[in-house]
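Numbering (this note's numbering), first residue to last: 19 to 706. The beta carbon of each residue, even a glycine, is placed where N, CA and C say it ideally should be. As the structure is a prediction and not an experimental result, all values here were calculated from the model. Data block below; observations after.
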Amino acid sequence: EQIVLDKCVETALAKMSKVHDLLGRLEQYVGSRNKDCRAKRALDNLEAKLKDVESGAAVFSPRSVERAQLKKAKHEEKLVQIQKWLQWRARLARVCLPKLFEEIFWLTTHFLPDALLNVRSQLALAGMQGTLEEWEADFLDLITFDHGTSAGGQRALAEQRKRQKVSHNDSAMTACVPHRPPTAAAVPPAAQRMDALSEEFNSCECTESKEMVLRKLGEPMLLAYLDITVPCTDIIESARTSTSSSAGIKALAKISLGHSESGVHKVLDEQDCKLAVPLQFVDLPTQKKVPYIRMTDWIFFLASTGRLHYLVGTSDVMKRRELCLEFWRRLKQSRPDHPVYSSGKRAGREDTDRLRNTIPLLHHGDEGRTYRKSPLMVLSTHGVLGRGCSQAADQNKDNYTAQEDPMRLNFLGSTLTTHYIFAALPHFLYKKCPGALDTMLELYAKDMESLATNGLLLPDGDSVQRIYFQTVAVKGDLPYLGKAGHFSRTYSMCPKQSESKKAGSGICYRCWGGVEGGQETWPWEEFALQARWRQTDGVEPAGFDRAGPLLHIPHDKAMWLYRLDCWHTFHLGCGKSFIASAIVTLLESMEEQGTVDQRLALLSEDYRCFCKRTRRYAFITQISRDLLAWQNSNDMPAGAWHEGFLTTRLFEWLEDYMGRLHKDDTHPALSEVVPRMLVFYILLFQRL
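Here's what the structure looks like:
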């Protein structure tokens, strides 16, 4: 980190020196009025910011000495604290310096060309063509200045970064044309606060006080510039008009505007323009160096960039603490034995301060599909609390106290800002080697265990707090939960025949539904309100072959850690069965319209017309027996599709179809089944 930081500071100084030299020569011809030009004031602001970065870099060496002394004295707690601070400061520098380079680049490409145009005619009239050519050569050299490093030097530095596993983003300057950052004639408030922090640091006498000040250093500058975004099409057009010889700029210029998003991101990835979140690697039996990102590193990044509120839905620190405390109080009503209530007890009582600083998280696993329709296992983490969903009846959260807050869902906002990926595993990695998935989940679980028990020291408002991150549950569809938890009782074990020589082993990991043999059985087909299997919910033994790797996460009952996803349960479970049965019932009511195949063709045509009329993607071209899993009239239609969103689309079509052609029809089952099915989801969306 020290080598990379020194190299960045040296490069910035070299670029500023060139700007000073060119400005000085321009002033000789433009006149004294330009001594106070905007370019010079902007440059002075840049120098002040660079000075702050240099002061941060200078702290590394004495910190290293102090770390060695503390290690020798076995002051483990203080050692961990300083190590966390070093990691945070290093990430801050890696994000801060590229923004500094962007400002220098913008300064040289916006102010200096105007100044050159002002003196061009004067130089031409004076017959000083040689001087003009010399200045233009210096200017071109300045704007294409590749950080003062030769190609060989860059390759050597890249190899050094690989060896040290350091992510270095200073190449972002030459990989894309930056957006114009804000500059002002006067010193901005962020710079004023920087000066105040520097004075405060110099006046501190003890190490603890200096560390508190250094945690704040650089934060205002980051918050001011991290929200700058540029459309990909603008980047391509700017690259096409650029005279830079950079390979990254040339690659951007060749991208088609019709593929701007994928093309630009591909080039930026090749040029190492990524978030300051380090990748980790693990060797699996089926492949070496599989990448993953620890949640610890995601949290460091969010905290250092002022984005910790992405995990809770509110940026107000005090409100977040009260919201977290209220969440844990409510959860205690159903899960009083959870270890979060026993950790950090004081005199036999709950540590409410710790609960205030414990953010609840969820683990999510899902086996999706790639562009070529091959399976892809995606493991991620997201916050339990968020900003709600677009269908909620009341979006104004400010009217609620913490005790009245409905604890909104984490649905609003881009998935990139609410879900944090741990790993993406192609199917071939774990298809023939189930242990590969266990290895990844064990790495994940141990990281989440550390976050729950030890927490992290993070900048929080105007202070530094130890914040904990507790994984409340593991959620996903049933196939994923079965693989991750090593379930011995799953829905896939549902009997296929009415009678069998082999006794049923059960279909649910939480209850004994479907278990046969012995003196008593628990039929899974029993749907009475007082069904026998309901009495065994949560009763041991649970349906696990062996303990899954995710059980390293602190939890109460193992079966309560694994939670069913209500969306998958509906879209690929009861909702899919309902819509398939409804379509078959509709077919049976159309006897006068020909054979079953002819009726299916009529419904398929109406479905396609509905999707075309409403401009919605159809997913399918026809409704067939295979789609409904209804080969014979006596079969139970269960639906054979695996895309959950198709269930929603079929519901929308069926509502439209019934409203147009069967508006006055009544069926005794409709008034009983439909309201019961919809009332839960209506209430859920309205409140959350």
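The Cβ atoms of Asp674 and Thr632 sit closer than 9 Å to each other.
Here DSSP, grouped into helix, strand and coil, assigns Ile525 to coil. For Arg581, DSSP records a beta bridge to Lys493.
DSSP, reduced to helix, strand and coil, places His356 outside both helices and strands of the structure shown, so it counts as coil. Across the set Asn375, Leu459, Pro559, the C-alpha of Leu459 shows the shortest separation from the C-alpha of Leu397.
In the structure shown, Ser398 falls within a strand segment according to DSSP collapsed to helix, strand and coil. If you draw a straight line from the Cα of Asp252 to the Cα of Arg258, it comes to about 10 Å. At least 9 Å separates the beta-carbon of Gly536 from that of Gly522. Within the segment 261-318, the runs of beta strand (DSSP E) at least 3 residues long that lie entirely inside it are, in chain order, 298-302, 305-310. Our two residues, Gly406 and Trp585, have alpha carbons roughly 16 Å apart in a direct line. The beta-carbon distance between Val557 and Pro378, rounded to whole angstroms, is 27 Å. This is too long to meet the 8 Å contact definition.
Judged by beta-carbon spacing, Cys526 lies beyond the 9 Å limit of Gly503, meaning their Cβ atoms are not closer than that value. Arg678 is not bridged by DSSP to any residue.
Short of 7 Å from the beta carbon of Val602, and not among the five residues preceding or following it, lie these beta carbons of its own chain, in chain order: Leu646, Trp648, Pro655.
Taking the Cα positions, Ile439 is about 9 Å away from His400. C-alpha of Asp644 to C-alpha of Val614: approximately 13 Å in a straight line.
Minimum Cα-Cα distance from Trp659 among the listed residues Tyr635, Ile641, Ser481, Asn652 corresponds to Ile641. Under DSSP, Phe345 takes part in no beta bridge, so it has no partner. DSSP places Leu474 in the strand class (E or B) of the three-state scheme.
The Cβ atoms of Asp423 and Glu344 sit closer than 9 Å to each other. The straight-line gap separating the alpha-carbon atoms of Asp369 and Trp578 is approximately 23 Å.
Within the same chain, Leu672 come within 8 Å of Ala600 by CB-CB distance, once the 5 residues on both sides are set aside. When the alpha-carbon of Leu293 is set against those of Leu302, Thr323, Gly494, the nearest one is in Thr323.
Spatial neighbours of Leu341 in its own chain (CB-CB distance under 7 Å, excluding positions within 5 residues in sequence) are listed in chain order as Val330, Thr332, Leu403, Ala420, Asp423. Shown here for Gly453: same chain residues with a beta carbon closer than 8 Å to its own, the five before and five after excluded, namely Pro303 in chain order.
Annotation for Leu443: the continuous beta strand (DSSP E) segment containing it runs 437-444. Of the residues Arg581, Lys575, Trp316, Met425, the one whose Cα lies closest to the Cα of Asp355 is Lys575.
The DSSP-derived three-state label of Arg387 is strand.
Taking C-alpha positions only, Lys272 is separated from Glu255 by approximately 10 Å. For Ser468, the secondary structure class from DSSP, reduced to helix, strand or coil, is helix. Shown here for Arg550: same chain residues with a beta carbon closer than 6 Å to its own, the five before and five after excluded, namely Trp540 in chain order.
In this structure Phe505 is buried. Its beta-carbon is surrounded by 16 or more other beta-carbon atoms within 10 angstroms.
A distance of 9 Å or more separates the beta carbons of Thr314 and Asp478. The segment 426-445 and the segment 283-290 do not touch, with fewer than 3 CB-CB distances between them shorter than 8 Å.
Apart from sequence neighbours up to five positions away, the residues of its chain that approach Leu605 with a beta-carbon distance below 8 Å are Val614, Arg617, Leu618, Leu621, ordered along the chain.
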